[in-house]
Amino acid sequence: ILNVEQSPQSLHVQEGDSTNFTCSFPSSNFYALHWYRWETAKSPEALFVMTLNGDEKKKGRISATLNTKEGYSYLYIKGSQPEDSATYLCAFRGAQKLVFGQGTRLTINP
Amino acid sequence: DVKVTQSSRYLVKRTGEKVFLECVQDMDHENMFWYRQDPGLGLRLIYFSYDVKMKEKGDIPEGYSVSREKKERFSLILESASTNQTSMYLCASTLAGGYNSPLHFGNGTRLTVT
């Protein structure tokens, strides 16, 4: 059974602060690592799909890094804003299928 | 803009009813998926389809079936709804072949079985 773990499960951050959270996944049979943002009452939206060890991706104030050898990815949010409040999901793509972590629920306090 | 539409946002059904959840995508995607989301758990794959009239079981197919008669439409069927099928159901689609193709999700259907 593939295990994809996200930590922390929930996080409260003051507006303007920067934050980061982690996705841990198997270090073998790696094909890709996906990050999604899921805002309340909306559909999950793809942020990044990362395939290469050492990959770094950026979208506005959000960035992600990937270490496939040790099996983790970090998602960073710089200068958090209220609109960043959402659940962030990572998903590990192995040889057969996509396996999701349980998500990190981020709340930005004004 | 890419769109995946799920027919209902909220549904309340009784135990034993047959329930249909509909999903339509307008992106000409080959692959379509049904997931469920429960508190504290990641999205779990119920069924997926790589082509019309083709289906594959995911991780938790028990109590569900699917239908894909047209490329754009993928239906999830609860043959006899039970209370443990109360959940958020998400449909998604993606292009064929690429493991690096992101999923495009619908808004979800929150199903309550009483």
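Top line first, the protein sequences correspond to chains A and B. Following my numbering, the numbering of the first sequence begins with 104 at its first residue and continues without gaps. Following my numbering, the numbering of the second sequence begins with 276 at its first residue and continues without gaps. From the three backbone atoms N, C-alpha and C, an ideal C-beta is built for every residue, glycine too.
Check	Outcome
CB contact below 8 Å: B:LEU390 versus chain A	Lying before the first or after the last residue shown, residue 390 of chain B is absent from chain B, which here runs from 276 to 389.
Cβ neighbour criterion (16 or more within 10 Å) applied to A:ASN132	exposed
Three-way DSSP call (helix, strand, coil) for B:THR361 in this model	coil
Length of the line joining the Cα atoms of B:GLY333 and B:SER324	10 Å
The ligand ATP heavy atom lying under 7 Å from the CB of A:VAL152	The ligand ATP is absent from the structure shown, which contains no ligand whatsoever.
Chain-ordered residues of the region 112-129 of chain A with a beta carbon less than 7 Å from chain B	none
Whole-angstrom distance between B:VAL299 and B:GLY381, CA atom to CA atom	9 Å
CA-to-CA distance, B:SER357 to B:GLU305, given in whole angstroms	31 Å
Residues near A:THR168 in its chain [Cβ-Cβ closer than 6 Å; skip 5 each side]	GLU159, TYR177
Residue-level contact to chain B via CB, A:GLY204, 8 Å cutoff	yes
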